[in-house]
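Presented below is the structure to which this report refers.
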Ligand SMILES: C[S@@+](CC[C@H](N)C(=O)[O-])C[C@H]1O[C@@H](n2cnc3c(N)ncnc32)[C@H](O)[C@@H]1O
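In the working numbering, the protein residues as written are 1093 to 1294.
In C-alpha cells, the structure reads:
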C-alpha cells in the first residue's frame, strides 16, 4: 500500500468556493458500475445510503429510479448544493450533513454506495470507516465501493489500492463478491484508473 500521507482538500472550503460542476468527480449520469451491479443483484428498491455524496448526482438518479435514498457528506455546503440540485430535478433525497468517522445516523440500509469517499480516508481513519459502514448496513447488505486503483499514476489526488489490499482490509467483515478494474468518470482527462468492489456484509 502507498503509505505516504496524501494532501486532501478541506472539503467545506472546497464546496463553499467551487462550482460543483467543475469538480473532478462531477458526473451527471449514474456510474455504470453501480448501474450494472444493481441490475445484476436484482436490486430495484430499498433503503440506500450514498456516502460522501458531494454534488449528489448519484443520489438524485437513484431516487428517481425508485430507491429510498439518504445521502450524506461531511461538508454542509455540499449538502446545501446537492439539496438545491435535487429540488430543481424534483428528486426526493434525504440529504444530511454527517461525518462517516463520527456518524450520527441511526437507521440501517440495504445498500451503501461509496464513490470516492473511502479513498479520501487517511490510513488511521479507515478502521472507523469500516466499523461504521458495517453498523449502517442491514444483515447481508451490500457496500458498493469505487476507489482509485494502484494503476493510477497522477501525482495528486486520493489514495490508491490494489485488489489484494481491498480484500485484506474488508475480508474479515465483508464477503468479497468481486473487485474489478474500472475508471472513475468525471471531469478529469484521461479518466483515472479505478477499482470497483462489490462487498456483502458477513
Ligand atoms: C471524491 S468526492 C466524491 C463525491 C461523490 N461521491 C461523487 O461521486 O460525485 C469525496 C466526497 O467525500 C466527502 N467526504 C470526505 N470525508 C468525509 C467524511 N469523513 N464523511 C463523509 N463524507 C466525506 C467529501 O466532502 C466529498 O464530497
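Ideal placement from N, C-alpha and C gives every residue a C-beta, glycine not left out.
Exercise. For my contact list, residue 1152 and residue 1183 are in at a C-beta cut-off of 8 Å; report their separation, rounded to the angstrom.
Key: 4 Å
Quiz item: Quick one, which of 1213, 1231, 1248 and 1288 has its alpha-carbon nearest residue 1052's?
Solution: There is simply no residue 1052 to check, as the chain begins at 1093 and stops at 1294 in what is shown.
Quiz item: What is the DSSP secondary structure of residue 1276, reduced to helix, strand or coil?
Solution: coil
Exercise. Using 6 Å as the cut-off, classify the Cβ of residue 1192 as near or not near the heavy atoms of ligand 1, replying yes or no.
Key: yes
Quiz item: Going along the chain, which unbroken runs of the beta strand (DSSP E) with 3 or more residues stay wholly within the region 1239-1288?
Solution: 1266-1275
Quiz item: Nearest CA to the CA of residue 1218: which residue from 1193, 1274 and 1284?
Solution: 1193
Practice problem: Could you name each continuous beta strand (DSSP E) segment of 3 residues or more that falls completely within the region 1110-1169, going from the start of the chain to the end? | Solution: 1139-1143 and 1160-1165
Quiz item: Between which two residues does the alpha helix (DSSP H) containing residue 1222 stretch?
Solution: 1218-1228
Self-check item: Coil, strand or helix - residue 1098 by DSSP
Solution: coil
Quiz item: In angstroms, rounded to a whole number, what distance separates the CA positions of residue 1094 and residue 1249?
Solution: Because residue 1094 carries a pLDDT of 49, less than 50, the predicted location of this residue cannot be relied on, and the following value inherits that uncertainty. Using only the alpha carbons, I get a separation of about 13 Å.
Practice problem: Measure the Cβ-Cβ separation of residue 1252 and residue 1123 and say whether it is below 7 Å. | Solution: no
Quiz item: Between the Cα of residue 1170 and the Cα atoms of 1159, 1186, 1147 and 1191, which residue gives the shortest distance?
Solution: 1147
Quiz item: Is residue 1237 helix, strand or coil by DSSP?
Solution: strand
Practice problem: Identify every residue that forms a DSSP beta bridge with residue 1212. | Solution: The partner list for residue 1212 (beta bridge, DSSP) is empty, contrary to what the question assumes.
Quiz item: Is the distance from the Cβ of residue 1243 to the Cβ of residue 1285 below 7 Å?
Solution: yes
Practice problem: Note down the Cα distance separating residue 1323 from residue 1262, rounded to an integer number of angstroms. | Solution: Outside the displayed span of the chain (1093 to 1294) sits residue 1323, for which this structure offers no information.
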